[in-house]
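Peer 1:
Numbering (the working numbering), first residue to last: 124 to 433.
(1) What is the C-beta distance between residue 372 and residue 334, in whole angstroms, given that I count them as a contact (C-beta under 8 Å)?
(2) Who are the near neighbours of residue 418 in its chain, counting only those whose CB is closer than 7 Å to its CB and skipping five residues on each side?
(3) Pair every Cβ in the segment 319 to 338 with every Cβ in the segment 271 to 284, then say whether three or more of these pairs are closer than 8 Å.
(4) Give the range of the beta strand (DSSP E) segment to which residue 389 is assigned.
(5) Find out if the Cβ-Cβ distance for the pair residue 363, residue 237 is shorter than 8 Å.
(6) Residue 432 to residue 161, Cα distance in whole Å?
(7) By how many angstroms is the C-alpha of residue 137 removed from the C-alpha of residue 415?
(8) DSSP on residue 330, reduced to helix/strand/coil?
(9) What would DSSP say about residue 301, mapped onto helix, strand or coil?
(10) In this structure, how does DSSP classify residue 197 when only helix, strand and coil are distinguished?
(11) Within its chain, find whatever has a CB closer than 7 Å to the CB of residue 148; leave out the 5 residues flanking it on each side and keep chain order.
(12) In chain order, what residues of the same chain have a beta carbon less than 8 Å from the beta carbon of residue 183, not counting five sequence neighbours either side?
(13) Taking 6 Å as the limit between beta carbons, can you name the residues of its chain near residue 285, skipping five residues before and five after?
(14) Count the other C-beta atoms from every protein chain shown that fall within 10 angstroms of the C-beta of residue 322, then say buried if there are 16 or more, exposed otherwise.
(15) Please state if the CB of residue 398 and the CB of residue 262 are separated by a distance shorter than 8 Å.
(16) Taking one C-beta from the segment 400 to 409 and one from the segment 226 to 233 each time, how about it: are there three or more such pairs within less than 8 Å?
(17) Would you give the residue range spanned by the alpha helix (DSSP H) that residue 401 belongs to?
(18) Kindly list the residues whose CB is nearer than 7 Å to the CB of residue 175, restricted to its own chain and excluding five residues on each side of it in sequence; keep chain order.
(19) Can you check whether the CB of residue 249 is closer than 8 Å to the CB of residue 265?
(20) Kindly indicate the opening and closing residues of the beta strand (DSSP E) around residue 405.
(21) Take the Cβ of residue 242 as the centre, count every other Cβ of all protein chains shown within 10 Å, and call the residue buried at 16 or more, exposed below.
(22) For residue 330, which option in 292, 380, 194, 369 has the closest C-alpha, if you only look at C-alpha atoms?
(23) Can you tell which of 281, 221, 246 has its C-alpha closest to the C-alpha of residue 390?
(24) CA-CA distance, residue 410 and residue 134?
(25) According to DSSP, which residues form a beta bridge with residue 246?
(26) Tell me whether residue 439 is buried or exposed, calling it buried when 16 or more other Cβ atoms sit within 10 Å of its Cβ.
(27) Output yes if chain D places a C-beta closer than 8 Å to the C-beta of residue 277; else output no.
(28) Given this structure, state the Cα-to-Cα distance separating residue 320 from residue 283, to the nearest angstrom.
(29) DSSP state of residue 291, grouped into three classes?
(30) Straight-line CA distance for residue 187 to residue 228?
(31) Report the residue from 157, 181, 173 whose alpha carbon sits nearest the alpha carbon of residue 140.
(32) Beta carbon of residue 129, beta carbon of residue 196: below 8 Å?
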């Protein structure tokens with residue numbers, strides 16, 4: 124199985140590293156536009172193989188899409204972060220051009236690939252990738268919910284003092300500080316409602332921390348996070364390549380599900396060899412439905428800034 128990661132920055136390189144260490148793919152291609160960066164990071168990863176014990180082949184290349192040929196999954200991380208003084212429209216305009224170019228070039232050499240979009244704003248870039256490629260909706264997946272859900276589980280573990288892997292919880296909605304919806308009502312610890320272990324105030328504190336999880340890291344690091352996102356991408360790709368059919372919240376195109384249409388936004392999905400194999404209905408209550416509708420509206424408003432690209 125072959126995976127291409129476009130963008131060899133912190134996140135892209137970490138994603139490739141995790142996939143190699145976990146032996147998720149037999150071949151991993153790192154592609155970047157900056158001369159030597161992808162090659163250097165691929166070389167560094169490969170030189171860890173003797174001590175880490177993996178056999179995956181990791182190669183790097185500078186803007187050579189031919190080397191990505193016949194990829195089963197392509198992860199798009201390329202784009203720029205929002206800079207001081209930059210408007211949302213400016214960020215979307217720049218990153219939309221990059222994502223459109225990448226998606227188009229990738230499909231020339233890997234027409235059957237499943238696209239995993241990480242570039243920000245993630246829901247909008249996922250929608251763009253779907254529209255400009257014309258791919259069926261099961262083959263274009265935005266990685267946002269997997270990361271947000273992982274952060275939610277971390278904060279729940281910290282609040283309860285219980286092992287993180289015994290806690291199940293998910294985040295749906297947009298991948299943004301004000302648009303994500305941590306579903307506290309459905310969170311569990313070994314099958315028991317998490318509300319059994321936390322007061323309402325403690326639970327709401329966890330929800331608030333989750334919603335600013337990315338911003339918290341950006342403030343501490345001075346840039347976007349990469350370890351958590353890289354691992355979340357690898358987790359998603361693993362479910363595709365190895366047909367694990369995990370239930371993972373992902374940004375996918377809706378056509379009436381959850382009362383929404385013509386938008387890519389986070390909902391729980393079954394992820395397998397065909398990409399999105401099923402969108403699950405978790406039966407939101409009225410409060411959750413209202414929050415989801417507002418999230419959809421916010422993402423659709425952002426999508427309007429794509430008019431110059433679509």
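Glycine included, each C-beta is placed from N, C-alpha and C at the ideal position.
Peer 2: Quick answer:
(1) Rounded, the Cβ-Cβ distance is 14 Å, inconsistent with contact.
(2) 296, 297, 302, 304, 388
(3) yes
(4) 384 to 395
(5) Residue 237 is positioned such that its CB atom lies closer than 8 Å to that of residue 363.
(6) 28 Å
(7) 31 Å
(8) It is helical.
(9) coil
(10) strand
(11) 124, 125, 126, 142, 179, 364
(12) The residues are 131, 152, 153, 154, 155, 160, 161, 162, 163, 164, 165, 166.
(13) 312
(14) exposed
(15) yes
(16) Output reads no: the segment 226 to 233 does not touch the segment 400 to 409.
(17) For residue 401, there is no enclosing alpha helix (DSSP H); the residue is part of the beta strand (DSSP E) that begins and ends at 398 to 402.
(18) 144
(19) yes
(20) Taken as a continuous stretch (DSSP letters only), residue 405 belongs to no beta strand (DSSP E), as it is neither H nor E.
(21) buried
(22) 292
(23) Nearest C-alpha to residue 390: 246.
(24) 35 Å
(25) In the DSSP output, where bridge partners are listed per residue, residue 246 has none listed.
(26) The requested residue 439 does not occur in the structure, where the chain is confined to residues 124 to 433.
(27) Any reference to chain D falls outside this structure, which holds one protein chain only.
(28) 7 Å
(29) Correct three-state label for residue 291: strand.
(30) 10 Å
(31) 181
(32) Taking 8 Å as the Cβ cut-off, residue 129 and residue 196 do not qualify as a contacting pair.
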